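Quick notes on the structure that follows.
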Amino acid sequence: MVLTQPGITGIVLLMFLFVAMGLSVIFERRAFCRYVCPVGGFIGLYSQVAPIEVRVKEPEVCASHQEKTCYTGNADGFGCPWDVYPLALKKNTYCGTCVECLRTCPHDNIAINLRSFGADLQKPAGRRLDEAFKAFIMLGAALVYCTVLLGPWEC
29 MVLTQPGITG
39 IVLLMFLFVA
49 MGLSVIFERR
59 AFCRYVCPVG
69 GFIGLYSQVA
79 PIEVRVKEPE
89 VCASHQEKTC
99 YTGNADGFGC
109 PWDVYPLALK
119 KNTYCGTCVE
129 CLRTCPHDNI
139 AINLRSFGAD
149 LQKPAGRRLD
159 EAFKAFIMLG
169 AALVYCTVLL
179 GPWEC
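Here my numbering runs 28 ahead of the position in the sequence shown, where the first position is 1.
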């Protein structure tokens with residue numbers, strides 16, 4: 029129904045907007061995008077196969093830096109809008125690759141690296157249950173989309 033009726037699609041998008049505004053009043057740092065929005069979750073799943081990554085060059089430099097401007101921000105840029113501390117970043121799922129940390133690191137210790145496709149999927153540890161649920165939702169949505177819009181019956 030959401031896929032075939034523009035009015036219902038508009039209502040769903042307005043609900044997303046109001047929930048996002050409500051959460052931004054209560055919480056800070058993109059709470060809606062990080063915890064509620066399905067689009068952000070799906071992008072995180074896709075980013076596991078991305079051929080680039082944002083990572084710290086030398087962990088010792090980050091560990092000794094007290095201000096953590098890559099996380100909190102400074103005059104050169106904002107803090108990480110995804111609320112990710114680059115030293116703790118082990119996979120692309122929770123990084124939006126906005127490169128604000130690259131702009132705000134005073135030690136030039138953050139790099140954009142090339143890597144093999146699907147590098148995060150090859151790691152045996154670090155998987156979470158929410159990622160599995162998002163994958164099932166994405167596959168289910170694709171099935172519903174194919175059935176409703178490409179099926180032989182009229183709606």
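Using N, Cα and C, we set each Cβ at its ideal position, and we do this for glycine too. For clarity, every value in this text was computed on a predicted model and none was experimentally measured.
- For residue 131, there is no enclosing beta strand (DSSP E); the residue is found in the alpha helix (DSSP H) stretching over 128-132.
- Between the stretch 81-94 and the stretch 36-51, the count of Cβ pairs shorter than 8 Å is below three; the stretches do not touch.
- Membership of residue 142 in the beta strand (DSSP E) is indicated by the continuous run 138-142.
- Residue 81: member of the beta strand (DSSP E) spanning 80-84, first to last residue.
- Listed in chain order, the non-local C-beta contacts of residue 178 below 6 Å within the same chain number zero, local neighbours out to five positions each way being set aside.
- Judged by beta-carbon spacing, residue 128 lies beyond the 8 Å limit of residue 164, meaning their Cβ atoms are not closer than that value.
- Residue environment: residue 123 is assigned as buried (16 or more neighbouring CB atoms within 10 Å of its CB, all protein chains considered).
- One thing to note: residue 51 has its Cβ no nearer than 8 Å to the Cβ of residue 67.
- Take residue 73, set aside five residues on each side of it, and the residues of its chain with a beta-carbon closer than 8 Å to its own are 121, 159, 162, 163, 166, in chain order.
- Rounded to the nearest whole angstrom, the CA to CA distance from residue 174 to residue 156 is 28 Å.
- The beta strand (DSSP E) runs of length 3 or more contained entirely in the stretch 41-97 are, from start to end of the chain, 80-84.
- Straight through space, the alpha carbons of residue 60 and residue 45 are spaced by roughly 10 Å.
- In summary, residue 32 is exposed, with fewer than 16 beta-carbon neighbours lying within 10 Å of its beta-carbon over all protein chains present.
- Excluding residues up to 5 positions away in sequence, 132 lie with their Cβ nearer than 7 Å to the Cβ of residue 102 in the same chain.
- For residue 175, the enclosing alpha helix (DSSP H) covers residues 157-178.
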